[in-house]
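Novice:
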Amino acid sequence: MFLRVAWLIVQKDLTVEVRSRELIYTTAFFAVSCVLVFAFALVREGRPLEDAAAGILWIAIAFAGTLALGRTFERERHTETLRALLLAPASRPAIYVGKLAGILLLMAAVEAVLVPLVALFFDAPVLARPMYLLALLVSGTVGFAAVGTLFAAMLVRARSRDVLLPVLLYPITIPVIIAGVRGTAALFQPEPDVEMARMWIAILGFFDVVFVTLSLWTFEPLMTE
Amino acid sequence: MLARAAESASATWARPVTFDFDRVDVCDLSRHYGRRRALSRITLTCPAGEILGLLGPNGAGKSTLLAILATLLAPSSGEVRYGTRTAAEAGPALRARLGLLAHDLHLYPELTARENLRFFARLHGLPGVDARVGAGLENAALTDRADEAVSGFSRGMRQRLALERALLHEPRLLLLDEPFTGLDDQSALALVARLRGLSARGAIVVVATHDLDVAEGVLDRVAVLRDGRLIAVDDAREGLRKRYRTQVAAASRT
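Here's what the structure looks like:
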């Protein structure tokens with residue numbers, strides 16, 4: 099039942115996005131612009147700055163993710179449909195999981211564009227250890243989006259939500275972003291440091307469990323105005 | 061830990077919806093937004109089978125009271141009892157018995173009329189979704205436009221669809237905020253008949269409005285609010301307009 103409600107919300111969000119294509123275009127355009135600007139700044143005579151690729155990748159993911167989080171809930175606020183979701187006899191944590199899954203799918207689509215772009219401009223060996231890179235991206239994105247979904251939902255009625263979301267989100271997700279950058283940098287070395295990448299994946303996994311669990315427990319009380 | 065959190069949430073959802081009630085009691089209810097008082101010490105009873113109107117000028121606190129009755133807002137003090145239980149005691153089972161038509165219509169403009177009704181029916185876990193959705197579309201007189209996106213509908217069409225969304229699960233307590241906004245005469249008459257039918261079947265209907273024509277034509281009883289205070293509870297017989305103006309004027313002087 100819990101998963102059925104979450105799936106219903108994912109399906110609805112996907113249908114709305116397929117019809118409007120608003121979020122995918124804005125977030126992908128923003129993320130690609132971010133990589134291009136950094137490529138002009140950090141690549142000299144075809145040689146990128148050492149470790150720049152990992153940092154740029156995660157900066158683009160974090161910025162595009164923040165944009166996606168804000169816009170997803172702005173859509174629900176504009177039509178007040180978040181209230182309709184909260185009024186249903188469904189478990190409120192299931193609503194949270196549904197919204198989180200929708201944002202994860204959107205961020206995955208953006209990352210599918212970002213990773214080849216970073217490989218192209220920063221000469222990053224993304225195919226050296228593809229499964230480890232995938233594990234880093236998945237665990238890092240889940241940690242970032244778990245906290246982001248909670249905060250975006252919580253701030254949906256706040257007047258300064260566009261300012262407050264990054265102000266609240268980044269200090270808490272800094273450990274996730276650092277772990278993502280360090281793990282990815284370990285994989286992008288000429289000789290990939292798999293042990294180091296494994297350690298950062300484990301740390302990200304720990305963050306994911308903590309953030310998702312806390313969000314599931316706090317979503318209901320935080321959503322009652 | 062994660063599995064336990066999800067399991068606990070799932071158990072809440074899976075609880076059978078057995079909760080029902082035949083009256084709603086608002087007891088000494090207040091609500092503040094920071095230092096601003098939106099509602100002050102409201103006490104009111106809404107029995108089953110009655111259409112109660114919340115009357116008052118803009119900013120009187122009608123929508124705030126509806127949001128509290130809908131469990132979307134928590135009171136600052138006092139409580140609302142649905143039968144013998146508060147919202148906190150009844151949990152999701154209470155939400156299965158509530159229907160809300162708010163000023164913002166709670167519809168997804170990118171989805172079609174059919175998709176909107178189907179989504180909310182499935183979210184409520186209702187059986188016979190297709191039949192309910194078909195009946196809802198028919199009641200809203202939107203069968204021929206069922207597969208068009210709601211963004212292309214007029215305000216009146218969206219209002220009719222939103223009403224059907226609020227009624228899909230046959231709520232015991234139906235809360236309507238300015239339900240006649242945007243409706244043409246024919247749709248307004250159909251809505252009046254619908255509300256009468258619902259109250260005859262034992263629903264508790266609460267209508268927030270500042271339209272006195274609505275109050276005299278539809279409501280059984282009115283609660284008059286001004287500046288967050290309940291200044292009068294009256295039956296909605298003829299002459300209400302004159303009494304309402306006297307009551308509001310008297311409240312303004314105090």
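Line order of the protein sequences matches chains B and P. Everything in the first sequence is counted per our numbering, starting at 99 for the first residue and increasing by one. Everything in the second sequence is counted per our numbering, starting at 61 for the first residue and increasing by one. Even glycine gets a Cβ: it sits at the ideal position worked out from N, Cα and C.
(1) Would Pro288/B be called buried (16 or more neighbouring beta carbons within 10 Å of its own) or exposed?
(2) To which residues of the same chain is Gly153/B closer than 7 Å at the C-beta, ignoring the five residues directly before and after it?
(3) When you check each C-beta in the segment 186-207 of chain B against every C-beta of chain P, which residues fall closer than 7 Å?
(4) Take Leu154/P and list the residues in its own chain whose beta-carbon comes closer than 7 Å to its own, dropping the five residues that flank it on each side.
(5) Which ranges does the alpha helix (DSSP H) cover as unbroken runs of at least 4 residues, wholly within the segment 248-283 of chain P, from first to last along the chain?
(6) Using beta-carbon positions only, say whether Asn176/P and Leu186/P come within less than 8 Å of one another.
(7) Using DSSP bridges, identify the partner residues of Ser100/P.
(8) Do we get a CB-CB distance below 8 Å when we pair Thr177/B with the residues of chain P?
(9) Is Ile111/P near the ligand FAD, going by C-beta to nearest heavy atom under 7 Å?
(10) Might you give, ordered along the chain, the residues of its own chain that have their beta carbon closer than 6 Å to the beta carbon of Leu112/P, omitting 5 neighbours on each side?
(11) Is the Cβ of Ala98/P closer than 8 Å to any Cβ of chain B?
(12) So Leu171/P and Phe179/P are supposed to be a Cβ contact under 8 Å. How far apart are they, rounded?
(13) Are three or more beta carbon pairs between the segment 111-120 of chain B and the segment 129-145 of chain B nearer than 8 Å?
(14) Under the assumption that Pro187/B contacts His184/P (Cβ atoms under 8 Å), give the Cβ distance between them as a whole number of angstroms.
(15) So for Phe304/B, helix, strand or coil by DSSP?
(16) Looking only at its chain, what residues have a beta carbon closer than 6 Å to the beta carbon of Trp73/P, apart from the 5 residues adjacent to it on each side?
(17) Check whether chain P comes within 8 Å of Thr282/B, counting only Cβ atoms and requiring the distance to be less than that.
(18) Quick one: residues in its chain with C-beta nearer than 7 Å to the C-beta of Arg192/P, no 5 flanking neighbours on either side, listed in chain order?
(19) Alpha helix (DSSP H) containing Ser118/B: first to last residue?
(20) Residue range of the alpha helix (DSSP H) that Ser237/B falls in?
(21) Indicate whether Ala263/P and Arg232/P have their beta-carbon atoms separated by less than 8 Å.
(22) Would you say Ala226/B and Ala151/B are within 8 Å of each other, going by their C-beta atoms?
(23) What does Ser118/B reach in chain P if we use C-beta pairs closer than 8 Å?
(24) Roughly how many angstroms separate the alpha carbons of Gly163/B and Gly196/P, rounded to a whole number?
(25) Can you pull the chain B neighbours of Ala153/P, defined as C-beta to C-beta under 8 Å?
(26) At a Cβ threshold of 8 Å, is Phe81/P touching chain B?
(27) Does Tyr168/P come out as helix, strand or coil in the three-state DSSP assignment?
(28) Which of the three DSSP states is assigned to Glu139/P in this structure?
(29) Have a look at Leu204/B and Val211/B and give me their C-alpha separation to the nearest angstrom.
(30) Quick one: grab the DSSP three-state call for Leu161/P.
(31) Taking the continuous alpha helix (DSSP H) assigned at Gly153/B, which residues delimit it?
(32) Does DSSP classify Val224/B as helix, strand or coil?
(33) Just how far apart, CA to CA, sit Ala162/P and Leu184/B?
(34) Across which residues does DSSP place Tyr93/P in a beta bridge pair?
(35) How far does the alpha helix (DSSP H) with Asp244/P in it extend, from its first residue to its last?
Specialist: On the basis of the supplied data:
(1) exposed
(2) Val279
(3) Ala186, Pro187, Ala188, Ser189, Pro191, Ala192
(4) Phe79, Thr131, Tyr142, Ala147
(5) 272-278
(6) no
(7) Arg289/P
(8) yes
(9) Annotation note on the ligand FAD: not contained in the displayed structure, which lists no ligands.
(10) Cys106, Val266, Arg281
(11) no
(12) 7 Å
(13) no
(14) 6 Å
(15) helix
(16) Low per-residue confidence applies at Trp73/P: pLDDT is 40, beneath 50, and the placement is therefore not dependable, though the value from the model is reported in the following sentence. Taken in chain order, the list of residues that qualify is empty.
(17) no
(18) Ala181, Leu186, Leu228
(19) 100-118
(20) 228-252
(21) yes
(22) no
(23) Glu170
(24) 38 Å
(25) Pro187
(26) no
(27) coil
(28) strand
(29) 11 Å
(30) strand
(31) 150-176
(32) coil
(33) 14 Å
(34) Arg96/P
(35) That residue, Asp244/P, is in no alpha helix (DSSP H); it is neither H nor E in DSSP.
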